[in-house]
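> Residue numbers (full-length UniProt numbering): 1 to 300.
Glycine residues also receive a C-beta, built at the ideal position from the N, C-alpha and C atoms.
Before we start, here is the structure in question, set down as structure tokens.
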């Protein structure tokens, strides 16, 4: 026996409205069609769901049991419809976004221009700061964060957008002056620029190649929480730096940086889009997330 879920929905609608006439009007069907489909459902189930009279409808004991399932199906259908209608709504209002300042170099300028042109009724407010904002207390809609993992927070939802895959780079001028390392152990005699993480401490370099691994702390005269600053300092010959290729790409194309120890990799860092843990996000927020996935949601 295979039931038609639509017939269960119609049964739930009859009981919700209290009459065939009102249910038929809500469903946009002739009353005769509604009656015929309920009769067919009863035939498949093998028992009556309703006792009909000219004055009133009475649900049977069997009908009560089936109605519990039909109502849940109706509720889920209405919830899915609400989600679809919500996403189709015109984005408007204020969208507050927090991100580290260097992230604007990850092709986010194109995203922001496209968003502003597509949704002119939304006002974008960007907080470009390395600090981790309190989304709920400071009323931010989105925070873009880079981390291997984020701390658990029941009030927030984190979506993976992309990965930052770091590699080592240096300028040709630096390598001509100090020589090119041929193994990670050679890095001890080179100037290595450190990146400061969200906890305020320099991040160690963990290199791997197949089954081989190496770990060390960058020993250079400068550490910063800005990959863009490190990139430009390395391009001017200050030392070796670990960068995602999307940060390094333009300088590599200009001949100002090139790969060092190209067979060795550093651990990837996940790029997260964090939002308050609401079941339904405003249309302006979901539109921004969709664009964000389109621009950054591919591994380099």
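Going straight from the alpha carbon of residue 188 to that of residue 195, what length do you get?
So the alpha carbons of these two residues sit roughly 17 Å apart.
> Contact between the segment 226 to 236 and the segment 264 to 283: three or more CB pairs below 8 Å?
With the cut-off at 8 Å, the segment 226 to 236 and the segment 264 to 283 do not touch.
> Residue 83: buried (16+ other C-beta within 10 angstroms of its C-beta) or exposed?
With fewer than 16 Cβ atoms within 10 Å of its Cβ, residue 83 is classed as exposed.
> Should residue 75 go down as buried or exposed, given a rule of 16 or more other Cβ atoms within 10 Å for buried?
exposed
> Between which two residues does the alpha helix (DSSP H) carrying residue 270 extend?
Per DSSP, residue 270 is not a residue of any alpha helix (DSSP H); the beta strand (DSSP E) it occupies stretches across 269 to 276.
> Where residue 257 and residue 165 are concerned, what is the direct C-alpha to C-alpha distance, given to the nearest angstrom?
Rounded to whole angstroms, residue 257 and residue 165 show a C-alpha spacing of 17 Å.
> Name the residue from 22, 14, 171, 167 whose alpha carbon lies nearest to the alpha carbon of residue 255.
Per the C-alpha coordinates, the member of 22, 14, 171, 167 positioned closest to residue 255 is 171.
> Which residue wins for smallest C-alpha separation from residue 213, given the options 59, 266, 167, 176?
266
> For residue 208, which residues in the same chain have their Cβ closer than 6 Å to its Cβ, ignoring the five residues on either side in sequence?
265
> By how many angstroms is the C-alpha of residue 104 removed from the C-alpha of residue 161?
15 Å
> What is the DSSP secondary structure of residue 89, reduced to helix, strand or coil?
The DSSP-derived three-state label of residue 89 is coil.
> So what does residue 241 bridge to, in DSSP terms?
Beta bridge pairing from DSSP links residue 241 with 169.
> Examine the ligand ZN and report whether any of its heavy atoms sits within less than 6 Å of the Cβ of residue 15.
As for the ligand ZN, it is missing from this structure, which has no ligand bound.
> In chain order, which continuous runs of the alpha helix (DSSP H) of length 4 or greater are located wholly inside the UniProt domain "HTH lysR-type" (1 to 60)?
5 to 17, 20 to 27, 31 to 45
> By Cβ distance, which residues of its chain are closer than 6 Å to residue 184, with the 5 residues on each side in sequence left out?
Closer than 6 Å at Cβ, skipping near neighbours: 207, 214.
> Return the Cβ separation of residue 301 and residue 148 in integer angstroms, given the expectation that the two are a contact with Cβ distance under 8 Å.
Beyond the ends of the chain as shown, which are 1 and 300, falls residue 301; an answer cannot be given.
> Expressed to the nearest angstrom, what Euclidean distance is found between the alpha-carbon atoms of residue 190 and residue 240?
8 Å
> Rank 36, 57, 138 by C-alpha distance to the C-alpha of residue 16 and give the top, closest one.
The residue with the shortest Cα to Cα distance from residue 16 is 57.
> From the DSSP output, read off the bridge partner residues of residue 205.
216
> Below 8 Å, how does it come out for the segment 173 to 180 and the segment 130 to 138: are there three or more Cβ pairs, yes or no?
no
> If you run the structure through DSSP and keep just helix, strand and coil, what is residue 146?
strand
> Would you mind stating whether residue 141 and residue 285 have Cβ atoms separated by less than 7 Å?
yes
> Pull up the distance between the alpha-carbon of residue 73 and that of residue 81, whole angstroms please.
12 Å
> Does the Cβ-Cβ distance between residue 48 and residue 42 come in under 7 Å?
Yes, the Cβ-Cβ distance between residue 48 and residue 42 is below 7 Å.
> Got a sec? Which residues, its chain only, sit under 7 Å from residue 65 by beta carbon, not counting five neighbours each side?
none
> Please list the terminal residues of the continuous alpha helix (DSSP H) segment that includes residue 211.
Counted as a single uninterrupted DSSP element, the stretch harbouring residue 211 is not any alpha helix (DSSP H), since DSSP gives it neither H nor E.
> What whole-angstrom Cβ distance do residue 271 and residue 296 have, given they're in contact under 8 Å?
The beta-carbon separation of residue 271 and residue 296, rounded to 6 Å, stays under the 8 Å limit for a contact.
> Between which two residues does the alpha helix (DSSP H) holding residue 114 run?
108 to 118
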